[in-house]
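Below is one structure, written out as structure tokens; the observations come after it.
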Amino acid sequence: MSDDTLGGYRQSIDNIDAALVHILAERFKVTQAVGRYKAESGLPAADPGREEAQIARLRALAESAHLDPEFTEKFLRFIIDEVIRHHERLRG
Numbered sequence: 111m112s113d114d115t116l117g118g119y120r121q122s123i124d125n126i127d128a129a130l131v132h133i134l135a136e137r138f139k140v141t142q143a144v145g146r147y148k149a150e151s152g153l154p155a156a157d158p159g160r161e162e163a164q165i166a167r168l169r170a171l172a173e174s175a176h177l178d179p180e181f182t183e184k185f186l187r188f189i190i191d192e193v194i195r196h197h198e199r200l201r202g
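For what it's worth, the numbering used here labels the leading residue of the sequence shown as 111, then goes sequentially.
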């Protein structure tokens, strides 16, 4: 039995998931460039002040978008931690 309404929702979810993957890929291309720059310039892999400012900014965006700020922070923290891991690896 087919449910066209559910199928339509799922297609939308699939499209959004694909867009998220592409957006994350673009973000990581830029953060890899940042990591190379930091390594070449002798800068630390992590920037706690920048991280906290980004978290605060995105929590506020989440609230205005009616998205759970706690979820948003956890998601961003996961991405930040992965970026730092990449930056540390570039430093050798």
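Where is the CB? At the ideal position from N, CA and C, for every residue including glycine.
| Item | Value |
| --- | --- |
| Closest Cα partner of Gly202 within the set His132, Pro154 and Asn125 | Pro154 |
| Nearest candidate by alpha-carbon position, reference Leu134, set Glu198, Leu200, Phe185 and His197 | Phe185 |
| Residue of Glu198, Arg169, Val144 and Arg199 minimising C-alpha distance to Arg187 | Arg169 |
| Which of helix, strand or coil DSSP assigns to Ala163 | helix |
| Check whether Phe196 and Gln142 have beta carbons under 8 Å apart | The sequence given here has His at residue 196, not Phe. Going by C-beta atoms, His196 is nearer than 8 Å to Gln142. |
| Pair within 8 Å by beta-carbon distance, Ala156 and Ile194 | yes |
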